[in-house]
Amino acid sequence: MGLHDRPYMQEEQKRYGGGGGGMGGMRVGMPKPTGVIRYLLIINIAVLVASRFGEGMVFDLFAVKASLWWQLWRYVTFQFLHAGMFHLFFNMLALYFLGMHLERAWGSKRFLTFYLLCGAVGGVAHVVMTHALSQYAEIPLVGASGGVYGVLIACAILFPHIRLILLLFPVSIRVAVALFLGMAVYNVLDGIITARGGGGAMGGGVSDPAHLGGAIVGAAWVWLGPRLRSRMAAGSARRGQGRWQKKLQRGRDEQQEINRILDKIRNQGIGSLSDSERRTLQRATDRQQQDFR
Numbered sequence: 001m002g003l004h005d006r007p008y009m010q011e012e013q014k015r016y017g018g019g020g021g022g023m024g025g026m027r028v029g030m031p032k033p034t035g036v037i038r039y040l041l042i043i044n045i046a047v048l049v050a051s052r053f054g055e056g057m058v059f060d061l062f063a064v065k066a067s068l069w070w071q072l073w074r075y076v077t078f079q080f081l082h083a084g085m086f087h088l089f090f091n092m093l094a095l096y097f098l099g100m101h102l103e104r105a106w107g108s109k110r111f112l113t114f115y116l117l118c119g120a121v122g123g124v125a126h127v128v129m130t131h132a133l134s135q136y137a138e139i140p141l142v143g144a145s146g147g148v149y150g151v152l153i154a155c156a157i158l159f160p161h162i163r164l165i166l167l168l169f170p171v172s173i174r175v176a177v178a179l180f181l182g183m184a185v186y187n188v189l190d191g192i193i194t195a196r197g198g199g200g201a202m203g204g205g206v207s208d209p210a211h212l213g214g215a216i217v218g219a220a221w222v223w224l225g226p227r228l229r230s231r232m233a234a235g236s237a238r239r240g241q242g243r244w245q246k247k248l249q250r251g252r253d254e255q256q257e258i259n260r261i262l263d264k265i266r267n268q269g270i271g272s273l274s275d276s277e278r279r280t281l282q283r284a285t286d287r288q289q290q291d292f293r
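Take 1 as the starting number for the sequence shown in the UniProt record's numbering and just add one per residue.
Here it is in structure tokens:
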């Protein structure tokens, strides 16, 4: 799958500094790639070069195949395989210009988790659609487009000021996203209708279900992620508070029992204590001695 129809990207001049010039006060920025982005670029390029020496074997082992859906490692490894130079170029170009915004905002670890999750869910979406339509289970799925679509959606939500060059014209990233998603949805629906009617394969070499899967995860991560993390943090705080309150209550209960035993000794003498009361008093004495050490 690829992003062959998507040219990227001219960022705002002020984002990267420098003088004036360029269309609409913008110029092509070439910032230094951030940490994870740099490694992703290097790994993807290296894998493409290495796979030229055994492409069939590499795809057989690491690409997503609907017939081998249960081999979970494929949902990660397929994201580093590409069908050719142009396939790699457009994916990496989008990742380079857009991914750095997210890595700077979220940090490297969180961004990498997000990127790989979007791609993995894209692979799952491709497998589900392939099985649903009983199509081409042995054709391998490769490419980073699921992750890139997730990055594209996240940037559109969080950084609407970004502008892309689309067919030689600068457009808002949100306009571009609407066009990309619209085409992907149309292609999926058209493919379903065609397949159900006994026509050809869906997608024409591009897995739009994988694109949409990555996009859905990207949107859910940005919109729902903060709410889920907030609820989890609140729940953790409540659980911690509950444990502390229980500990305090146990301490109060133990102190009341000690006071009762001491009153009994004062009124009836130490010989009146039961074995259980003696053990309770001894434990309290031991704890007190430890506190003073």
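Beta carbons are placed, not taken as given, at the ideal position from N, Cα and C, and that holds for glycine.
How far does the alpha helix (DSSP H) with Leu41 in it reach, from first residue to last?
-> Translated into positions along the sequence shown, residue 41 becomes position 41. Segment Gly35 to Ser51, the alpha helix (DSSP H) holding Leu41.
Please list, in chain order, all residues of the same chain as Val222 whose beta carbon is under 8 Å from its beta carbon, the five residues on each side excluded.
-> In the sequence shown, residue 222 corresponds to position 222, counting from 1. These residues qualify, in order along the chain: Ile153, Ala154, Ile157 and Leu158.
Outcome for Pro209 when other beta-carbon atoms lying within 10 angstroms are tallied against a minimum of 16 = Numbered from its first residue, the sequence shown carries residue 209 at position 209. With 16 or more Cβ atoms within 10 Å of its Cβ, Pro209 is classed as buried.
Mark Met57 as exposed unless 16 or more other C-beta atoms lie within 10 angstroms of its C-beta, in which case mark it buried.
-> Stepping through the sequence shown from its first residue, residue 57 is reached at position 57. Met57 comes out exposed.
How long is the line joining the alpha carbons of Gly22 and Phe169, rounded to whole angstroms?
-> Indexing the sequence shown from 1 puts residue 22 at position 22. Indexing the sequence shown from 1 puts residue 169 at position 169. Unreliable positioning characterises Gly22 in this predicted model, as indicated by a pLDDT of 38, which lies under 50. A coordinate reading is not provided.
Between the C-alpha atoms of Tyr96 and Val127, what's the straight-line distance to the nearest angstrom?
-> In the sequence shown, the residue the question calls residue 96 occupies position 96. In the sequence shown, the residue the question calls residue 127 occupies position 127. One C-alpha to the other measures close to 27 Å.
What do you get for Gly25, buried or exposed, if any count of 16 or more other CB atoms within 10 angstroms of its CB means buried?
-> The sequence position of residue 25 within the sequence shown is 25, counting from 1. A caution first: Gly25 carries a pLDDT of 39, below 50, which makes its placement in the model too unreliable to give a value.
Start and end residues, beta strand (DSSP E) containing Leu95 | As a position in the sequence shown, residue 95 is number 95, starting the count at 1. Where Leu95 is concerned, there is no enclosing beta strand (DSSP E), although the alpha helix (DSSP H) it sits in stretches over Met85 to Trp106.
Within the chosen definition, does the segment 68-76 reach the segment 117-132 through at least 3 CB pairs nearer than 8 Å?
-> yes
Residue range of the alpha helix (DSSP H) that includes Phe180 | Taking the sequence shown and counting its residues from 1, one reaches residue 180 at position 180. Taken as a continuous stretch (DSSP letters only), the alpha helix (DSSP H) holding Phe180 covers Ile173 to Arg196.
Report yes if the CB atom of Leu212 is closer than 9 Å to the CB atom of Tyr149, and no otherwise.
-> Numbered from 1 along the sequence shown, position 212 holds the residue referred to as residue 212. Numbered from 1 along the sequence shown, position 149 holds the residue referred to as residue 149. Yes, they are a contact pair.
Less than 9 Å separating the beta-carbons of Val151 and Gly225?
-> What you label residue 151 is simply residue 151 of the sequence shown in a count that begins at 1. What you label residue 225 is simply residue 225 of the sequence shown in a count that begins at 1. Cβ distance not < 9 Å, so Val151 and Gly225 don't count as in contact.
For Phe159, name the three-state secondary structure that DSSP assigns.
-> If you number the sequence shown from 1, residue 159 lands on position 159. Three-state DSSP puts Phe159 in coil, outside helix and strand.
Rounded separation between Phe111 and Gln282 - CA only | As a first step, residue 111 is located in the sequence shown; it is residue number 111 there, counting from the start. As a first step, residue 282 is located in the sequence shown; it is residue number 282 there, counting from the start. Approximately 55 Å, taken between the alpha carbons.
In chain order, what residues of the same chain have a beta carbon less than 7 Å from the beta carbon of Val217, not counting five sequence neighbours either side?
-> Translated into positions along the sequence shown, residue 217 becomes position 217. Excluding residues within five positions, the ones whose Cβ falls inside 7 Å are Leu117, Cys118, Val121 and Gly150.
Taking C-beta to C-beta, are Leu81 and Leu48 nearer than 9 Å?
-> In the sequence shown, the residue the question calls residue 81 occupies position 81. In the sequence shown, the residue the question calls residue 48 occupies position 48. Their beta carbons are under 9 Å apart, which means Leu81 touches Leu48 by this criterion.
Which partner residues of Pro226 appear in the DSSP bridge assignment?
-> Your numbering for residue 226 matches position 226 in the sequence shown. Pro226 pairs with nothing; no bridge assigned.
Quick one: what's Leu141 bridged to in DSSP?
-> Along the sequence shown, read from residue 1 onward, the residue named residue 141 stands at position 141. DSSP lists Val64 as partners of Leu141.
Between the Cα of Asn44 and the Cα atoms of Phe90, His131 and Arg163, which residue gives the shortest distance?
-> Reading the sequence shown from its first residue, position 44 is the one you call residue 44. Comparing Cα positions, the closest option is Phe90.
Rounded to a whole number of angstroms, what is the C-alpha to C-alpha distance between Gly182 and Ile162?
-> Taking the sequence shown and counting its residues from 1, the one referred to as residue 182 is at position 182. Taking the sequence shown and counting its residues from 1, the one referred to as residue 162 is at position 162. Using only the alpha carbons, I get a separation of about 20 Å.
Give the straight-line distance between the Cα atoms of Gly147 and Gln245, rounded to the nearest whole angstrom.
-> In the sequence shown, residue 147 corresponds to position 147, counting from 1. In the sequence shown, residue 245 corresponds to position 245, counting from 1. Cα-Cα distance, rounded: 45 Å.
Report buried or exposed for Asp263, applying the criterion of at least 16 other Cβ atoms within 10 angstroms of its Cβ.
-> Indexing the sequence shown from 1 puts residue 263 at position 263. Exposed.
Beta-carbon spacing of Asp60, Pro140 below 9 Å | The residue you call residue 60 lines up with position 60 of the sequence shown. The residue you call residue 140 lines up with position 140 of the sequence shown. Yes; because the gap between Cβ atoms is below 9 Å, this pair is in contact.
Any idea if Lys247 is buried or exposed, counting beta-carbon neighbours within 10 angstroms, 16 or more meaning buried?
-> Translated into positions along the sequence shown, residue 247 becomes position 247. With fewer than 16 other Cβ atoms within 10 Å, it is exposed.
To the nearest angstrom, report how far apart Leu40 and Ala144 are at their CA atoms.
-> Residue 40 sits at position 40 when you count from the first residue of the sequence shown. Residue 144 sits at position 144 when you count from the first residue of the sequence shown. Approximately 10 Å, taken between the alpha carbons.
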